[in-house]
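Structure record follows, encoded as structure tokens.
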Amino acid sequence: MLVVVLYFAWEAAAYRGFFARLAEWQFDRLGQDLPTFNFCLLTMALSWPALLILRRRHVSRDEAGGNERASNATDEDLDDEEWEREAQLALFSAQDYMHFLLGFGAALGIAALIALLWTFTLPNGKEPARSFTPSMLNAPEPEEGSARIEGAVRYGRIASFNRGILFFNRTALFAPIIPPKGGDGHVRYFVEFLPVERPDISEGATISHRTGILVRSDLPGALVRLYRYLGYHPVEHYYVLYASAATIRWPYYIIAAQFLLGGLLFAATGLGQWRHVRKLRDDLDYYRSAEWEELEETGLQPR
């Protein structure tokens, strides 16, 4: 299960494979993607086969032991043997389900912690702003961190992207900076606008001397796909000029919160299943006890 969780965590971070296809399908039909739901769905879908294999191994060992006991048992013991075997199978199934719930809850908790720790690797914008010129051909590669656009540049179509959880939602606005003439036409820079700026911005307008925090390849994957559909083709290592450090980290906080809530839900269900497993185990231990045998001999305990 851990291997499956790590694999889909990589797909989510790199926006590749099944995770990317499912997110794009949701974005086309729902207007937004559901990253935590997708992560849970894909992880559970590929974790079940491993759990079924483990359960089959339990059943096979139990069947082998049951056949050996049955060959040496008398006829009056066969009913007891069959009841005990069915009880053991029920216990194994309940234990497998409990392990799945608790294991998946722990995996989601680890994923939430990783998402939070990842925010410490993002630029915070505390350093002095460095100037860069998007309108210049063959401009040097900029550095991540606090940055300021030098000169006036035009930007293209504005796209909105909503992400949140429960009552906490935020809409982000992004626009590609039109590449300079004479180049290959690929988009190298995107700029983020705050929702309060929406009345003052429009497709084809210009901005100048805008200050923000430059981050490499950090646009939501669904928007990258959308812009390709619209004719804007980002380079492999594009940059996004974010408005502030808080807007950079907001998606990671949301993902961490979603993972944490999912982990708590699975953990709570797993604890309920643990109580069920304990009851099954106590019933089986009681059946095997001398007290049960005494009750059967006196006729007070029905089979």
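In this note's numbering, each number is its position in the sequence shown, counted from 1, plus 992.
Idealized CB from N, CA, C, for every residue including glycine.
Quick caveat, the model's predicted, so the values are computed rather than measured.
Residue i: first and last residue of the uninterrupted alpha helix (DSSP H) it sits in
i	result
residue 1215	1213-1221
Residue burial classification, residue i (beta-carbon count within 10 angstroms, cutoff 16)
i	result
residue 1189	exposed
residue 1028	buried
residue 1181	buried
residue 1129	exposed
residue 1222	exposed
residue 1068	Note that residue 1068 scores 48 on pLDDT, short of 50, meaning its location in the model is unreliable and no value can be drawn from it.
residue 1227	exposed
residue 1074	exposed
residue 974	The structure shown has nothing for residue 974, since the chain only spans 993 to 1295.
residue 1037	exposed
residue 991	Not covered by the structure: residue 991. The range shown for the chain is 993 to 1295.
residue 1171	buried
residue 1000	buried
residue 1013	exposed
residue 1191	exposed
residue 1160	exposed
residue 1109	exposed
DSSP state of residue i mapped onto helix, strand, coil
i	result
residue 1205	strand
residue 1193	coil
residue 999	helix
residue 1252	helix
residue 1268	helix
residue 1236	coil
residue 1224	coil
residue 1065	The pLDDT assigned to residue 1065 is 46, lower than 50, so where the model puts this residue is not dependable; a value taken from the coordinates is nonetheless given after this. Residue state, collapsed to three classes: coil.
Nearest neighbour of residue i, chosen from the options [CA to CA]
i	options	result
residue 1196	1145, 1272, 1122	1145
residue 1034	1094, 1109, 1270, 996	996
residue 1123	1200, 1148, 1155	1200
residue 1120	1000, 1258, 1257, 1136	1136
residue 1149	1272, 1161, 1218, 1176	1218
residue 1297	1206, 1212, 1265, 1208	Residue 1297 is absent from the structure shown; the chain starts at 993 and stops at 1295.
residue 1113	1270, 1274, 1241	1241
residue 1261	1091, 1014, 1000	1091
residue 1208	1214, 1220, 1194, 1233	1233
residue 1263	1097, 1018, 1081, 1080	1097
residue 1206	1016, 1183, 1215, 1100	1183
residue 1151	1143, 1141, 1167, 1177	1167
residue 1106	1247, 1267, 1081	1247
residue 1174	1022, 1127, 1258, 1154	1127
residue 1102	1237, 1117, 1272, 1253	1253
Segments assigned beta strand (DSSP E), at least 3 residues, entirely inside the segment 1104-1184: 1122-1124, 1137-1141, 1144-1146, 1151-1157, 1160-1168
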